[in-house]
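*Asks:* First the structure, then my questions, so here it is.
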Amino acid sequence: MAYGDREVTDESSAANLANNLSSQYDRNSDMYYVKGSYTLSMGNAWTLFPSLIYLLDDAKGEALNNQGVGSELTALFVHKKHSIAATMSYMNHEYRGNNAIFEQSGRIDDKYSAFLAYEYLSLGNIDSLSLISLSGYNATDSSIAFYDSADWITSIGMNFAF
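Given below as structure tokens:
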């Protein structure tokens, strides 16, 4: 469970709208996040972590106020010095306010993501040093095409535990 407070001091994204409409895009908000998960041991090497998620973004601007519900599944495989984790998630965000810029109300965003991580322990026989890599994909399919997005991340590095 988590709480966040977002404060945007120099908001200008809706500056070209009439003053009474620009307040609908006030991003200052209180955010509430709840995630419940369970650990399922599938033997010595496999572990599954299913989760349910709820997010409330109580933005002051009507067009940005939303809530989201979703799920996530992580599978972890560990064998000797190798660890592999795969995560898939889905979130559905519903915006109830009117979006004056796109002349639409009731925006709905479907967010999908998938990540694959790998770790090789004891790199060079140094117990506290490991090789790590991560590759992931995020996509948003929105009822307003402007908010559609897709991106990849790929990284490789080393981890030193101390």
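Just so you know, my numbering puts 836 at position 86 of the sequence shown, and the rest follows in order with no gaps. Every residue, glycine too, gets a C-beta built ideally from N, C-alpha and C.
Hey, is the stretch 788–797 in contact with the stretch 754–773, meaning 3+ C-beta pairs nearer than 8 Å?
*Replies:* No: fewer than three Cβ pairs fall under 8 Å.
*Asks:* Quick one: Cα of N815 to Cα of A835, how far?
*Replies:* A straight line joining the alpha-carbon of N815 with that of A835 spans about 33 Å.
*Asks:* Between S801 and the rest of its own chain, which residues show a CB-CB distance below 6 Å, the 5 nearest in sequence each way excluded?
*Replies:* K785, S787, E822
*Asks:* Whether or not the stretch 895–907 and the stretch 864–883 are in contact is what I'm after, with contact meaning three or more pairs of Cβ atoms, one per stretch, closer than 8 Å; do they touch?
*Replies:* yes
*Asks:* Report back the beta-carbon spacing between M838 and A867 to the nearest angstrom; my notes put them in contact at under 8 Å.
*Replies:* M838 to A867, Cβ: 13 Å. No contact.
*Asks:* Give the secondary structure of Y840 by DSSP, where H, G and I count as helix, E and B as strand, and everything else as coil.
*Replies:* The answer is strand: DSSP assigns Y840 an E or B state.
*Asks:* What are the residues that DSSP puts in a beta bridge with N794?
*Replies:* DSSP, once it has assigned bridges, lists no residue as partnering N794.
*Asks:* On a Cα-Cα basis, can you pick out the residue from Q854, A765, I876, M781 that is closest to K757?
*Replies:* Here residue 757 turns out to be Glu, not Lys, going by the sequence shown. Residue M781 is the option with its Cα nearest to E757.
*Asks:* What is the rounded straight-line gap between the Cα of E853 and the Cα of D776?
*Replies:* 17 Å
*Asks:* Given the structure, does E844 come close to the ligand FAD, in the sense that its CB is under 7 Å from one of the ligand's heavy atoms?
*Replies:* In the structure shown, the ligand FAD is absent, as is every other ligand, since no ligand is present at all.
*Asks:* Using a Cβ-Cβ cut-off of 7 Å (strictly less than) and excluding sequence neighbours within five positions of Y887, which residues of its own chain qualify?
*Replies:* S863, A864, W902
*Asks:* Is it the case that the Cβ atoms of H832 and Y870 are separated by a distance below 8 Å?
*Replies:* yes
*Asks:* Note down the Cα distance separating Y845 from N909, rounded to an integer number of angstroms.
*Replies:* 40 Å
*Asks:* Considering just the uninterrupted stretch of the beta strand (DSSP E) at M751, what are its terminal residues?
*Replies:* No beta strand (DSSP E) holds M751; DSSP gives it neither H nor E.
*Asks:* Let me check understanding here. Comparing Cα to Cα, which of D877, D898, E761 lies closest to K861?
*Replies:* Selected option, being the one with the closest Cα: D898.
*Asks:* Taking the C-alpha atoms as reference points, what is the distance between L805 and G874?
*Replies:* 43 Å
*Asks:* Measure the C-alpha to C-alpha separation of A895 and H829 and round it to an integer number of angstroms.
*Replies:* 44 Å
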